[in-house]
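J.: Quick one: the structure is below, and I'll ask about it shortly.
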Amino acid sequence: MDKGTIEEQIIDEYTWHCKIEAESYKMMGKMLDETLIRERLDVYAISDLYIYGGAYLAAQLYRAVKDKVNVKGIVDKEGRSAVKVDIPVIKLEELRELYQDEKVIITPPRFYRAAKRDLSQIIAAENILFLGEFLEGLF
Amino acid sequence: MLYVTYEDSVVHAIGIRKKMQAQYRVFKKAFGEAYYTLYRGQMMHLYRENILLEKELAFTKGECNTVIKDWIERYNISKVYVRHYSADRQELLFYQYLNEKDIRVAVEFPTVFPAYQGIIDSKVVTAEDTYYKNRMHEYVRCCTAYQPMEKVYGIPCIPLVNGVDIDEQPQKKSRKADGRIVLLVVATYTKWHGHERVIEGMHRYYADGGTREIIFNIVGSGGQLNYYESLVEEYGLQGHVNFCGVLSGEKLDEIYDASDIAIGDLGIYRVGLKSGAPIKEREYCARGIPFIYGHDDMSFGKDNYYARQVSNDETPIDMQMVIDFYNEMYDGREFAEDMRQYALLNLTWNKILQPVIDYYLC
């Protein structure tokens, strides 16, 4: 069996995108469940939080948790948020100055690895969570 | 040694998780260093015993396998046991990789065709799964399954039965006879459990003027519970059927102690199967509670007088048969020790997985 024809590679690529869309949709839904959000915040003992990512999943997470914990800011590489929010949107360099042992939840599925790599220079591994992990992970 | 699981039911279905952990402990004992993977929240996790060693985001089977291959190389894994979920091109590539690296692999099929009935509806998924399953024998030399088969999808098969962790199943204390017969089922209820057959049987018994007090304790959760509850209400059996919720530890021990006869799986005909080896019935055996089950089972037959087989169809369970079985068992004979001894000798994972360990070592 070869490693994959062009057609197979195209299908793999589509599969990857399709899976991300499906999982993002699922995460969006889970963020509407207030009880779940409360439970998960308790499980991870989160009181102060940064949200990584400036797109819709980040905005939805902010809305889901803002009345339950202290969201100290949204971290985005470009310092932008797709949806207007009433908290600071900061760049990674600013986080480096402000960070005080809070949990950081990474929201963009496609850029998780790059985001984790960048954050790992500032933040201990146990304080970095992926959104899916926060919503339905092992703990 | 690495035990690979992909599906997130391993995490949230207690029975599957316990089984996987018990198998893992046997492999660890046999091979020394052993690891396992768990998938949840789009993350693949690597564990040694209960310690999380690594985690990595993985959306697709291909990404999962890329992560696993990295761990195989970094942790010098030479043996892999895969709990099979569904086959696809990426899985075949994974087996090809293991083959090329001379890593010995055994694949466990928790269910064998026709396993999809009522579980997976997508024709595309089942067609893909079937196509790639039928190619797995190109790279996989050994599989395990819970059915008495020599080969599965062309792969030589070691038939397994589900095992039990004796230490986690204390022997049941005997209940003082009070004229009642207390039935017990412990499960995560799906439609192939078929426990409505007991409720239907109770309904018929009382409709026909039956007078023996029969109680049915239903422990656990699951999608079928609503259906059972609606039947109980429809038949007015509220005084006879107790929905106890999920119980564990001492509470579970107490309800075993307060019951006389346990109920195993009664509905596997619904997924097109004739034989099975459910963990629950092994647990009943280890605890020493006589039980009724509705399928062929490699571990239980005529010699196991404490296990009463009924038909594998939708027939309501005959309560007169239940009463007769109760009277046979509770005539003063000592059966609990027999049952536990049988479980110790035949139903522990150490014993059951020995042929798999031999395959890895030969």
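As you go down the protein sequences, you meet chains A and B in turn.
Sequential numbering of the first sequence, starting at 39, is according to my numbering.
Sequential numbering of the second sequence, starting at 138, is according to my numbering.
Glycine included, every Cβ here is placed at the ideal spot set by N, Cα and C.
(1) Ordered along the chain, which non-local residues of its own chain (more than five positions away) have a Cβ less than 6 Å from that of V378 (chain B)?
(2) What's the call for Q138 (chain A), buried or exposed, on a 16-neighbour Cβ count within 10 Å?
(3) For chain B, is any of its Cβ atoms less than 8 Å away from the one on D71 (chain A)?
(4) Cβ of T145 (chain A) less than 8 Å from any chain B Cβ?
(5) Pick from B:T327, B:I151, B:L175 and B:D433: whose alpha carbon is nearest that of Y127 (chain B)?
(6) From T325 (chain B) to I295 (chain B), what does the alpha carbon distance come to, in whole angstroms?
(7) Near E287 (chain B), what residues of its chain come up, given a Cβ to Cβ distance below 8 Å and the 5 sequence neighbours on each side ignored?
(8) Would you say G170 (chain A) and E61 (chain A) are within 8 Å of each other, going by their C-beta atoms?
(9) Count the C-beta pairs between the segment 301-310 of chain B and the segment 332-346 of chain B that are closer than 8 Å, then say yes if the count reaches three, no if not.
(10) CA-CA distance, Q233 (chain B) and Y276 (chain B)?
(11) Report all residues from its chain with a CB closer than 7 Å to the CB of L99 (chain A); omit the five preceding and five following residues, and keep chain order.
(12) My understanding is that R177 (chain B) touches D145 (chain B), with C-beta atoms under 8 Å, so please give their C-beta distance in whole angstroms.
(13) Could you tell me the distance, in whole angstroms, from the CA atom of C279 (chain B) to the CA atom of A243 (chain B)?
(14) Going by DSSP, what residue range makes up the alpha helix (DSSP H) through L374 (chain B)?
(15) Any idea what DSSP makes of K238 (chain B), helix, strand or coil?
(16) Who pairs with G357 (chain B) in a beta bridge, going by DSSP?
(17) Along the chain, where does the beta strand (DSSP E) containing M180 (chain B) start, and where does it finish?
(18) Measuring CA to CA, which of A:V121, A:V109 and A:L87 is closest to I161 (chain A)?
(19) To the nearest angstrom, how far is the alpha carbon of G67 (chain A) from that of D440 (chain B)?
(20) Could you check which residue in B:V289, B:I355 and B:D390 has the C-alpha nearest to that of L321 (chain B)?
(21) Which of the three DSSP states is assigned to Q446 (chain B) in this structure?
(22) So, is G346 (chain B) buried or exposed, given that buried needs 16 or more other C-beta atoms within 10 angstroms?
(23) Between Q179 (chain B) and chain A, is the shortest Cβ-Cβ distance under 8 Å, so that the two count as touching?
(24) Measuring alpha carbon to alpha carbon, tell me which residue in B:A150, B:L183 and B:V335 is nearest K206 (chain B).
(25) Take L490 (chain B) and list the residues in its own chain whose beta-carbon comes closer than 6 Å to its own, dropping the five residues that flank it on each side.
T.: Once the coordinates are examined:
(1) The beta carbon of V378 (chain B) is closer than 6 Å to those of F353 and V369 in its chain, skipping five residues each way along the sequence.
(2) Burial check for Q138 (chain A): the Cβ neighbour count within 10 Å stays below 16, so the residue is exposed.
(3) No, D71 (chain A) lies away from the interface with chain B (no Cβ there is under 8 Å from its Cβ).
(4) The beta-carbon of T145 (chain A) is placed no less than 8 Å from the nearest beta-carbon of chain B.
(5) Residue numbering for chain B in the displayed model covers 138 to 499; residue 127 (chain B) lies beyond these limits and cannot be assessed.
(6) Between the alpha carbons of T325 (chain B) and I295 (chain B) lies a gap of roughly 27 Å.
(7) P293 and C294, listed in sequence order.
(8) Yes, the Cβ-Cβ distance between G170 (chain A) and E61 (chain A) is below 8 Å.
(9) Not touching, per the Cβ criterion.
(10) Here the alpha carbons of Y276 (chain B) and Q233 (chain B) stand approximately 6 Å from one another.
(11) Excluding residues up to 5 positions away in sequence, M69, I89, I143, T145 and L169 lie with their Cβ nearer than 7 Å to the Cβ of L99 (chain A) in the same chain.
(12) Their Cβ separation, rounded to whole angstroms, is 5 Å, which keeps R177 (chain B) and D145 (chain B) in contact under 8 Å.
(13) Whole-angstrom Cα-Cα distance: 5 Å.
(14) Element bounds for L374 (chain B): n/a, residue is neither H nor E.
(15) Three-state result, K238 (chain B): coil.
(16) According to DSSP, which records beta bridges pairwise, G357 (chain B) is partnered with B:A324.
(17) In the DSSP assignment, M180 (chain B) falls within the unbroken beta strand (DSSP E) covering M180 to R185.
(18) Ranked by Cα distance from I161 (chain A), the options A:V121, A:V109 and A:L87 are led by A:L87.
(19) Straight-line spacing of the CA atoms in G67 (chain A) and D440 (chain B) works out to 53 Å.
(20) It is B:I355.
(21) The answer is strand: DSSP assigns Q446 (chain B) an E or B state.
(22) Exposure of G346 (chain B) is indicated by the presence of fewer than 16 other C-beta atoms within 10 angstroms of its C-beta.
(23) Judged by the 8 Å Cβ criterion, Q179 (chain B) is in contact with chain A.
(24) A check of alpha carbon separations from K206 (chain B) across B:A150, B:L183 and B:V335 identifies B:L183 as the nearest.
(25) The beta carbon of L490 (chain B) sits closer than 6 Å to the beta carbons of V163 from its chain, once the five residues preceding and following it are set aside; these are given in chain order.
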